[in-house]
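Novice: Counting from 3, one number per residue, gives the positions in the sequence shown under the working numbering.
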Amino acid sequence: MPTYQYRCKNCGNELEIVQKMTDNSLTTCPKCEKETFERVISSEGGFVLKGSGFYKTDYGSGKPAPAPAAPSPCSTGSCSTGGCPLAK
């Protein structure tokens, strides 16, 4: 669940509250009990990854993938028609 930051326009009280996204915004300040509490946009929250990992080196060497190998002569289907180049 996301954390929302609220600030009271009347007394300046600030709170961070964990709420569901579907919950209604709070409007009553718990300190002065007036209807001047509003949600503010904060840059402190966001997407946080904890623990090890999530680095470029975790998903490969960082080098481009090698080119695919050329198909073998038998994969061309000529063996089934009697023209196998390896049988000669």
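All C-beta atoms in this analysis are idealised placements derived from N, C-alpha and C, irrespective of residue type, glycine included.
Under the assumption that Glu37 contacts Thr30 (Cβ atoms under 8 Å), give the Cβ distance between them as a whole number of angstroms.
Specialist: Indeed, because the Cβ distance is near 6 Å, the residues count as touching under 8 Å.
Novice: Which residue or residues does DSSP assign as beta-bridge partners of Leu17?
Specialist: Answer by DSSP bridge pairing, in chain order: Tyr8.
Novice: Among all the DSSP beta bridges, which residues are the ones paired with Glu40?
Specialist: Looking at the DSSP assignment, Glu40 forms a beta bridge with Arg9.
Novice: Just the Cα atoms here: how many angstroms apart are Asn1 and Glu18?
Specialist: Lying outside 3 to 90, the shown extent of the chain, residue 1 is not represented and no answer is given.
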